[in-house]
Amino acid sequence: FGILCRDGRVWAQIVPDVEARTLLPLISKQVEPGSTVCSDTWKSYTGVAANGYIHRLVKHQEGEYSDGDENHINGLEGFWGYLKRRLAAKGGIRRERLPLYLAEYVWRYNHRNDSIEMQKKQLLKQLEGVST
-11 FGILCRDGRV WAQIVPDVEA RTLLPLISKQ VEPGSTVCSD TWKSYTGVAA NGYIHRLVKH
49 QEGEYSDGDE NHINGLEGFW GYLKRRLAAK GGIRRERLPL YLAEYVWRYN HRNDSIEMQK
109 KQLLKQLEGV ST
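If you're matching positions, the sequence shown starts at -11 in this note's numbering and goes up one per residue.
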């Protein structure tokens, strides 16, 4: 499951299922109330508006990919494509390691426009205080 902010940052997490009872609390935890949430028409997203969000739907089954008003999920779909290509290049990974790979590629995606020097600084900053 993933969320993409309009500034291009992504948040993703492996979830046990795609039911509303699983996804809606994650949306509430990651997205500021009152924000606009764009999604496809998957049934688990039907409660988004009731949780205090402006909910815009993209109806892929009707050939709709944007409503012309910045309401789309193309960026998130771009991230999923990026992730699939990266994982495929590994030639297979162990299921128990998937969360680690997901976290790595979320980080890489979120820092894709940073210079190598800035990426090193960010990585070292995150590693400060981590014991081995």
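In this text, a Cβ means the ideal position worked out from N, Cα and C, and glycines have one as well.
Since the structure is predicted, the reported quantities are computational estimates derived from the model, not experimental observations.
Check: Phe67 to Tyr97 span [Cα, whole Å]; Outcome: 8 Å
Check: Backbone CA spacing between Val118 and Glu92 [nearest angstrom]; Outcome: 16 Å
Check: Local Cβ density within 10 Å of Leu115, reported as buried at 16 or more and exposed below that; Outcome: exposed
Check: Cβ neighbours of Leu64 in the same chain (closer than 8 Å, five flanking residues each side left out); Outcome: Gly(-10), Ile(-9), Leu(-8) and Val(-2)
Check: Reduced DSSP secondary structure (H/G/I, E/B, other) of Trp(-1); Outcome: strand
Check: CB-CB length for Tyr41 against Val19, believed under 8 Å; Outcome: 7 Å
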